[in-house]
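Colleague: Sharing a structure below in structure tokens format, with a few things to ask.
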Amino acid sequence: MSILRRISLLILAATVFGSAAAAAAEPTAEICEILHAQQRAWNRGDIDGFMSGYARSRSTIFVSEDTVTRGWQTVRNRYKKKYSDREKMGTLAFSDLEITPLGPSAAIVIGRWQLKRKIDKPHGRFTLVFRHLTEGWRIVHDHTSAAAPSS
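Heads up, the sequence shown is in the numbering used here, so the first residue is -12 and it goes up one at a time.
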């Protein structure tokens, strides 16, 4: 193998591995895109698309109200039951996102959510733990709270 070819391969390898390391080290853009994709899926009425942002694992955790839901399938079933039609789903908006990397394979996100429906506008806060898995960044822990309804 010629020296020029070896140098080209080394440059290519450094670029590929350097890009992968940079992407893993700085998850902000990818995590934002996952959250925006979840929002778009929700607003289409696509709960399965929304769930693609979660780790498809038995160890995925969703905490809301006084309930801890464990496992991707169980979380999906909860969403399907609670938001069984488009009227109940409304239009979802995420805002005030703060993404804090915790290292090359984890990040924490806090933010605000709001649903706009014909009868009400529930809203609240969330804290998400993202992990970088083989399929990319995914939510492994979701703690969502709703604000008290306006009087």
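Where is the CB? At the ideal position from N, CA and C, for every residue including glycine.
Could you tell me the alpha carbon to alpha carbon distance between E52 and K68, rounded to whole angstroms?
Modeller: Within the sequence shown, residue 52 is the residue found at index 65, counting from 1. Within the sequence shown, residue 68 is the residue found at index 81, counting from 1. For E52 and K68, the distance between alpha carbons rounds to 16 angstroms.
Colleague: For G111, which three-state DSSP category applies?
Modeller: For the purposes of this step, residue 111 is taken as residue 124 along the sequence shown, with counting starting at 1. Strand, per DSSP.
Colleague: Taking the alpha-carbon positions, what's the L120 to D72 distance?
Modeller: Here residue 120 refers to the residue found at position 133 when the sequence shown is read from its first residue. Here residue 72 refers to the residue found at position 85 when the sequence shown is read from its first residue. L120 and D72 have their C-alpha atoms some 31 angstroms from each other.
Colleague: By the three-class DSSP mapping on this structure, what secondary structure does K67 have?
Modeller: As a first step, residue 67 is located in the sequence shown; it is residue number 80 there, counting from the start. The answer is helix: DSSP assigns K67 an H, G or I state.
Colleague: Taking C-alpha atoms, which residue in T114, P91, K103 lies nearest to G123?
Modeller: Taking the sequence shown and counting its residues from 1, the one referred to as residue 123 is at position 136. Comparing Cα positions, the closest option is P91.
Colleague: Do you know how far the Cα of I106 is from the Cα of V116?
Modeller: By 1-based counting over the sequence shown, the position of residue 116 is 129. By 1-based counting over the sequence shown, the position of residue 106 is 119. Roughly 31 angstroms between the two C-alpha positions.
Colleague: For D129, is the classification buried or exposed, using 16 other Cβ atoms within 10 angstroms of its Cβ as the cut-off for buried?
Modeller: In the sequence shown, the residue the question calls residue 129 occupies position 142. Buried, because 16 or more other Cβ atoms sit within 10 Å of the Cβ of D129.
Colleague: With a CB to CB cut of under 8 angstroms and the five nearest residues on each side skipped, what residues in its chain are close to L89?
Modeller: Working through the sequence shown from its first residue, we reach residue 89 at position 102. Sequence-distant Cβ neighbours of L89 in its own chain, meaning closer than 8 angstroms and more than five residues away, are I95.
Colleague: Once DSSP output is grouped into helix, strand and coil, what is the label at K105?
Modeller: For the purposes of this step, residue 105 is taken as residue 118 along the sequence shown, with counting starting at 1. Note: K105 maps to coil in three-state DSSP.
Colleague: Which first and last residues belong to the alpha helix (DSSP H) in which D129 is found?
Modeller: For the purposes of this step, residue 129 is identified with residue 142 of the sequence shown, where counting begins at 1. Looking at the DSSP string, D129 is not in any alpha helix (DSSP H); the run it does join, the beta strand (DSSP E), is 123 to 133.
Colleague: Go ahead and pull the three-state DSSP assignment for R118.
Modeller: Mapped onto the sequence shown, residue 118 falls at position 131. Note: R118 maps to strand in three-state DSSP.
Colleague: Which word fits A9, buried or exposed, when buried means at least 16 other C-beta atoms lie within 10 angstroms of its C-beta?
Modeller: What you label residue 9 is simply residue 22 of the sequence shown in a count that begins at 1. Confidence at A9 is low in this model, with a pLDDT of 49, below 50, so its placement is unreliable and no value can be given for it.
Colleague: State the start and end residues of the unbroken alpha helix (DSSP H) segment that holds T15.
Modeller: The residue given as residue 15 occupies position 28 in the sequence shown. Note, T15: alpha helix (DSSP H), 15 to 30.
Colleague: Please go through the same chain and pick out, in chain order, the residues whose beta-carbon is closer than 6 angstroms to the beta-carbon of P109, but skip the five residues on each side of it.
Modeller: Taking the sequence shown and counting its residues from 1, one reaches residue 109 at position 122. So the qualifying residues of the chain are L102, A133.
Colleague: In three-state terms, what does DSSP make of D33?
Modeller: Numbered from 1 along the sequence shown, position 46 holds the residue referred to as residue 33. In this structure, D33 counts as coil in the three-state DSSP scheme.
Colleague: Is the region 23 to 30 touching the region 44 to 61 in the sense that three or more CB pairs, one from each, lie closer than 8 angstroms?
Modeller: no
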